[in-house]
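First the structure, in the form of structure tokens, and then the observations on it.
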Amino acid sequence: MRQLKQETVIRIILTLVILLAGVTLIPFIERPLTAIGWELFAGVYSPILDVNETTGAPGSVFAFTGSNFPPNSLAAIYINGNPTGTVMTDAVGAASFLLNTTGAAPDQYNVTMEVDINASVTRGIELVAGGTTVTPPPDAAGDTVFITHIIFLPSIQKN
């Protein structure tokens, strides 16, 4: 008899938990599916990172365009695993930035753009000594990041 009562109490508690879980979702009934942002938790993003050229001489400026990232999110940019800057994605999950290679040595560089662990993509470029200097397309826009840390000092002229 005691076993039967305990089993009944457990079933009632489970039923109440399930009902209360459903009640907590009532505020979301009238919202569109994208309002909850479940994609971020499900890992369904398949980001793409495009670049205008994959090889160039040191001193080139490459134009990168990312797409299929979580919308309106801050994306971090890494060069060979080192953080070099950030860029905001727009309402459709796209972002652009320019990579300036001034002062960088000829080598292979891996450029990663990521919003979180679910939305990360890497694209490689190669700097070749004596190669062609790459310039971004005229319509390229976005913040500029550098492979090497460069400090720009103001110039002073005396007349």
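Residue 9 is where the sequence shown starts when you use my numbering, and the numbers rise one by one after that. Think of the CB as a built atom: it goes at the ideal place given N, C-alpha and C, for glycine as much as any other residue. Being a predicted model, the structure only gives us computed values, none of them experimental.
How would you label residue i, buried or exposed, when you count the other beta carbons within 10 angstroms and need 16 or more for buried?
i: proline 66; result: buried
i: isoleucine 20; result: exposed
i: glycine 64; result: buried
i: glycine 138; result: exposed
i: methionine 121; result: buried
i: threonine 97; result: buried
i: valine 31; result: exposed
i: alanine 113; result: exposed
i: alanine 29; result: exposed
i: serine 68; result: buried
Just confirm the distance between the C-beta atoms of residue i and residue j, as a whole number of angstroms; I'd bet it's less than 8 Å.
i: proline 91; j: alanine 84; result: 6 Å
i: isoleucine 56; j: isoleucine 155; result: Not a contact, Cβ separation roughly 22 Å.
Check whether the Cβ atoms of residue i and residue j lie closer than 7 Å to each other.
i: valine 142; j: leucine 107; result: no
i: proline 145; j: asparagine 76; result: no
i: isoleucine 133; j: threonine 73; result: no
i: proline 79; j: glycine 111; result: no
i: glycine 150; j: serine 104; result: yes
i: threonine 118; j: threonine 130; result: The sequence shown places asparagine at residue 118, not threonine. Yes, the Cβ-Cβ distance between asparagine 118 and threonine 130 is below 7 Å.
i: tyrosine 53; j: alanine 148; result: no
Give me whichever residues DSSP pairs with residue i in a beta bridge.
i: alanine 71; result: Leu106
i: phenylalanine 154; result: Asn108
i: glutamine 116; result: Glu134
i: threonine 63; result: Glu134
i: threonine 140; result: According to DSSP, which records beta bridges pairwise, threonine 140 is partnered with nothing at all.
i: aspartate 58; result: Thr73
Starting from residue i, trace the beta strand (DSSP E) both ways and give me its first and last residue.
i: glycine 132; result: 127-135
i: alanine 148; result: Counting along the chain, alanine 148 falls outside any beta strand (DSSP E), and DSSP gives it neither H nor E.
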